[in-house]
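Peer 1:
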Amino acid sequence: MANTVPSKSKKKTASTSQNKSNKKAKVVEQFNATCSNKKLSAKFKREIKKILTNMKEEILEDITKIIKSESDHLKYDVGDFYDSASNDRERDLLLSLNQRDRQKLIMIEDAIKRIDNGTYGKCPYGNEVLDEERLRAMPFTRYCVSCIEEDGGFTNGDF
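When you line the sequence shown up against our numbering, it's residues 69 to 227, in that order.
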């Protein structure tokens, strides 16, 4: 009888392990299901273009505010050496943030062009249509998750 108890627990462990594997496989399957042959509707593309346009306007407003703030700061702020060093660090931080905004702006403008020329939502590697859910989450993306994973991830800022 002592032998039957361990075998039952082994069955439970194997069963639990198999359930976890099945659940993991389903999650991976759902995650990788980012490409399809389904066409994006014109309504969806209009919706995404509006979102992208709003994102672009927000970034341009932020960049304008940073530039205006920096130019005002330079006009009126005269201080000692330490103030100047602090201001330089602050300016460097703002410029690096500004660089990220510019990179994102380029990707947004590219996505708008792809909507206009009819290539939006198509993964350039697999040439399949990206899932609407992925495009809603990151409307300026070019690639499906599967292709990014196959490539080992992109390092140049493309998504």
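The beta carbon of each residue, even a glycine, is placed where N, CA and C say it ideally should be.
Just so it is clear, the structure is predicted and the values come from calculations on it, not from any experiment.
(1) Buried or exposed for Lys80, going by 16 or more other Cβ atoms inside 10 Å?
(2) Need the endpoints of the alpha helix (DSSP H) that Arg202 sits in, please.
(3) Kindly indicate which residue of Ser137, Cys215 and Phe112 has the alpha-carbon position closest to the one of Pro207.
(4) DSSP three-state label for Lys124, please.
(5) What number of angstroms, rounded off, separates the C-alpha of Thr121 from the C-alpha of Tyr188?
(6) Taking C-alpha atoms, which residue in Leu108, Lys190 and Ile119 lies nearest to Gln211?
(7) Buried or exposed: which applies to Arg202, given that a residue is buried once 16 or more other Cβ atoms fall within 10 Å of its Cβ?
(8) Closest to Lys106 by C-alpha separation, out of Leu198, Val213, Gly220 and Asp156, would be which residue?
(9) Could you check the C-alpha separation between Thr132 and Ile119 for me, to the nearest Å?
(10) Check whether the Cβ atoms of Lys172 and Ile127 sit closer than 8 Å, and answer yes or no.
(11) Just how far apart, CA to CA, sit Lys117 and Ile183?
(12) When the Cα of Gly194 is compared with those of Asn185, Ile176, Val213 and Ala110, which residue comes out closest?
Peer 2: According to the data block:
(1) Along the sequence shown, one-based indexing puts residue 80 at 12. With a pLDDT of 47 at Lys80, under the threshold of 50, the modelled position of that residue is not reliable, and no figure is offered here.
(2) The sequence position of residue 202 within the sequence shown is 134, counting from 1. Taken as a continuous stretch (DSSP letters only), the alpha helix (DSSP H) holding Arg202 covers Glu200 to Ala205.
(3) Numbered from its first residue, the sequence shown carries residue 207 at position 139. Closest option to Pro207, Cα to Cα, is Phe112.
(4) Residue 124 sits at position 56 when you count from the first residue of the sequence shown. Residue state for Lys124 is assigned as helix, using DSSP reduced to three classes.
(5) On the sequence shown, position 53 is the one that residue 121 refers to. On the sequence shown, position 120 is the one that residue 188 refers to. For Thr121 and Tyr188, the distance between alpha carbons rounds to 15 Å.
(6) By one-based count along the sequence shown, residue 211 stands at place 143. In the sequence on display, residue 211 carries Tyr and not Gln. Measuring from the Cα of Tyr211, the nearest candidate turns out to be Lys190.
(7) Locating residue 202 in the sequence shown gives position 134, counting from the first residue. By the 10 Å Cβ count, Arg202 comes out buried.
(8) By one-based count along the sequence shown, residue 106 stands at place 38. For the residues Leu198, Val213, Gly220 and Asp156, the minimum Cα distance to Lys106 belongs to Leu198.
(9) Position 64 of the sequence shown holds residue 132. Position 51 of the sequence shown holds residue 119. Computed Cα separation, rounded: 20 Å.
(10) Numbered from its first residue, the sequence shown carries residue 172 at position 104. Numbered from its first residue, the sequence shown carries residue 127 at position 59. Note that the C-beta distance between Lys172 and Ile127 is below 8 Å.
(11) For the purposes of this step, residue 117 is taken as the residue at position 49 of the sequence shown. For the purposes of this step, residue 183 is taken as the residue at position 115 of the sequence shown. Roughly 7 Å separates the two Cα atoms.
(12) Residue 194 sits at position 126 when you count from the first residue of the sequence shown. Of the listed residues, the one whose Cα sits closest to Gly194 is Val213.
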